[in-house]
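A.B. asks:
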Ligand code: SF4
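Numbering (this note's numbering), first residue to last: 156 to 511.
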């Protein structure tokens, strides 16, 4: 394992946020696919001005991000094939830098690569004003909006842009329901607004492992797992409806029987109302990108992943079934579910192997 470097003054200087004060207009995320909406490509070659120091969670050395400030003409995105019909993303790209992130491929809409997802970040500086306009329409039916589906709304940039907070204030003022998904512990800053939203808000904190060293290798820019669970505890204690997403579960890395049981128990102890689990999916360009990260960090697993995901983006059905059984037991032991059907037999082994 690569030892975690210590934070130094020069590290912090490297991590000083850079902002490209590029003004451009994008109608929607979809509109950004058009070449006319890609003026930043040439700007990226220019030296970026040094801005204020950005809050970081791990004292690691990461390439400094570049921010492209944009103006959006619509804030709410209509979604199909998901459990929600509307989504909202104040940012594009994510500094948390999870190797497995399914949203990496959306950066291709901007003419960028999956690897640029944590290096070039888009900031919709007017998103809250536009959202207010949309929530104020007489035609708006107050359907629930999923906040943070293609980016983390509490990534470090939120510390200074405060766009997520401004959006939550809009949801509060228009009494419109919202669900937030995040790994960012910065969410506790907005406890006051979350309390005001009361039953209109539900928070989902994402935690895939309790092992902070493993998390650091998989999610190098995200807060440590213990800090995320502490955030769950703060939210639950404040009466905010809060659940945990163990998503994705990574075969051979985070699916150990004991590890899952301990994670479920920790979620229950923190006060999570529910825990939802989803196995890893590798769609489009995320597959080669993740396999390259795997090769660098966990080369012994590459062959199994290539086999397991050879037929598509889903883990094999047999693996998903065995994971479901393991999760069902872990849920019950943590007091988070009704008793499961009796398992067919003992399942030894710490991690689940992908089928041959
Ligand atoms: S925190 Fe979420 S949006 Fe950000 S990189 Fe990780 S998975 Fe992607």
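Beta carbons are placed, not taken as given, at the ideal position from N, Cα and C, and that holds for glycine.
Quick one: Cα of residue 380 to Cα of residue 309, how far?
C.D. replies: Approximately 15 Å, taken between the alpha carbons.
A.B. asks: Taking 8 Å as the threshold (C-beta atoms), are residue 376 and residue 341 in contact?
C.D. replies: Their beta carbons are not under 8 Å apart, which means residue 341 does not touch residue 376 by this criterion.
A.B. asks: Which term fits residue 468, buried or exposed, when burial requires 16 or more other beta carbons within 10 angstroms of its beta carbon?
C.D. replies: Residue 468 is exposed by the Cβ-count criterion.
A.B. asks: In chain order, what residues of the same chain have a beta carbon less than 8 Å from the beta carbon of residue 343, not counting five sequence neighbours either side?
C.D. replies: Closer than 8 Å at Cβ, skipping near neighbours: 386, 389 and 390.
A.B. asks: State the Cα-Cα distance for the pair residue 482 and residue 401, rounded to the nearest angstrom.
C.D. replies: Computed Cα separation, rounded: 10 Å.
A.B. asks: Considering Cα atoms alone, identify which of 339, 370, 248 and 317 is closest to residue 267.
C.D. replies: The option with the nearest alpha carbon to residue 267 is 248.
A.B. asks: Work out the CA separation of residue 277 and residue 221 for me, nearest whole Å.
C.D. replies: Going from the Cα of residue 221 to the Cα of residue 277 covers about 9 Å.
A.B. asks: I'd like to confirm something about residue 342: is its beta-carbon nearer than 7 Å to some heavy atom of the ligand MN, or not?
C.D. replies: By its list of ligands, the structure shown excludes the ligand MN, since it contains just the ligand SF4.
A.B. asks: Does DSSP classify residue 507 as helix, strand or coil?
C.D. replies: Residue state, collapsed to three classes: coil.
A.B. asks: By the three-class DSSP mapping on this structure, what secondary structure does residue 359 have?
C.D. replies: Three-state result, residue 359: strand.
A.B. asks: Would you mind sorting residue 328 into buried or exposed? The rule is 16 or more other CB atoms within 10 Å of its CB.
C.D. replies: By the 10 Å Cβ count, residue 328 comes out exposed.
A.B. asks: Verify whether the separation of the beta carbon atoms of residue 338 and residue 265 is less than 8 Å.
C.D. replies: No, these two residues do not count as a Cβ contact at 8 Å.
A.B. asks: Give every residue of the same chain whose Cβ lies closer than 7 Å to the Cβ of residue 449, excluding the five residues on either side of it in the sequence, and list them in chain order.
C.D. replies: Answer for residue 449: 456, 457 and 460, listed in chain order.
A.B. asks: How many whole angstroms separate the CB atoms of residue 334 and residue 357, which I take to be in contact at a CB cut-off of 8 Å?
C.D. replies: Sure, about 5 Å apart at Cβ, within 8 Å.
A.B. asks: With burial defined as no fewer than 16 other Cβ atoms inside 10 Å of the residue's Cβ, what is the status of residue 242: buried or exposed?
C.D. replies: Buried: at least 16 other Cβ atoms inside 10 Å.
A.B. asks: Cβ of residue 263 versus every heavy atom of the ligand SF4: is any distance shorter than 7 Å?
C.D. replies: Outside the cutoff, so no.
A.B. asks: Does residue 442 come out as helix, strand or coil in the three-state DSSP assignment?
C.D. replies: Note: residue 442 maps to helix in three-state DSSP.
A.B. asks: Does the Cβ of residue 374 lie closer than 7 Å to at least one heavy atom of the ligand SF4?
C.D. replies: Answer for residue 374: yes, Cβ within range of the ligand SF4.
A.B. asks: For residue 303, count the other beta carbons within 10 Å of its own beta carbon; 16 or more makes it buried, fewer makes it exposed. Which is it?
C.D. replies: Answer is buried; the Cβ neighbour count reaches 16.
A.B. asks: Looking only at its own chain, which residues have a Cβ that is under 7 Å from the Cβ of residue 506, when we skip the five neighbours before and after it?
C.D. replies: Excluding sequence neighbours, residue 506 sits near 407, 410 and 411.
A.B. asks: So for residue 482, helix, strand or coil by DSSP?
C.D. replies: Residue state, collapsed to three classes: helix.
A.B. asks: Looking at the unbroken beta strand (DSSP E) that takes in residue 333, where does it start and where does it end?
C.D. replies: Start and end: 333-337.
A.B. asks: Pick from 421, 393, 360 and 261: whose alpha carbon is nearest that of residue 275?
C.D. replies: Taking only the C-alpha atoms, the option nearest residue 275 is 261.
A.B. asks: Helix, strand or coil for residue 208 per DSSP?
C.D. replies: The predicted position of residue 208 is uncertain, since its pLDDT is 38 and thus under 50; a value taken from the coordinates is nonetheless stated next. Residue 208 falls in the strand class under three-state DSSP.
A.B. asks: According to DSSP, is residue 229 part of a helix, a strand, or is it coil?
C.D. replies: Reduced to three states, the DSSP call for residue 229 is coil.
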